[in-house]
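Peer 1: The following block contains the structure, expressed as structure tokens.
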Amino acid sequence: MCGRRRRRGPAVGWLVILAGIVILLALILPAGFWWFALGAALIIAGIWLLRSCG
């Protein structure tokens, strides 16, 4: 069992990279940007959900 590696897929790797980028940007960018980013992300997620359900 020690030699076996489970393949989780590229999604986990992209998620870790994205989390690292967000943490680094949080050190640089002001708080107002994050409210804008949250609003934009919610709009994009809503559009994606509406398109995938229809």
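Sequential numbering of the sequence shown, starting at 498, is according to the working numbering.
All C-beta atoms, glycine included, are put in the ideal place defined by N, C-alpha and C.
Less than 8 Å between C-beta atoms, sequence neighbours within five positions excluded: which residues of the same chain meet that for F531?
Peer 2: In the sequence shown, counting from the first residue as 1, residue 531 sits at position 34. The sequence given here has Trp at residue 531, not Phe. Counting only Cβ-Cβ distances below 8 Å, and skipping sequence neighbours, we find A523.
Peer 1: Note down the Cα distance separating L515 from A528, rounded to an integer number of angstroms.
Peer 2: As a first step, residue 515 is located in the sequence shown; it is residue number 18 there, counting from the start. As a first step, residue 528 is located in the sequence shown; it is residue number 31 there, counting from the start. Taking the straight line joining both Cα atoms gives about 18 Å.
Peer 1: Just to confirm the assignment, what range does the alpha helix (DSSP H) spanning G510 have?
Peer 2: Along the sequence shown, one-based indexing puts residue 510 at 13. Run containing G510: P507 to I525, per the alpha helix (DSSP H) assignment.
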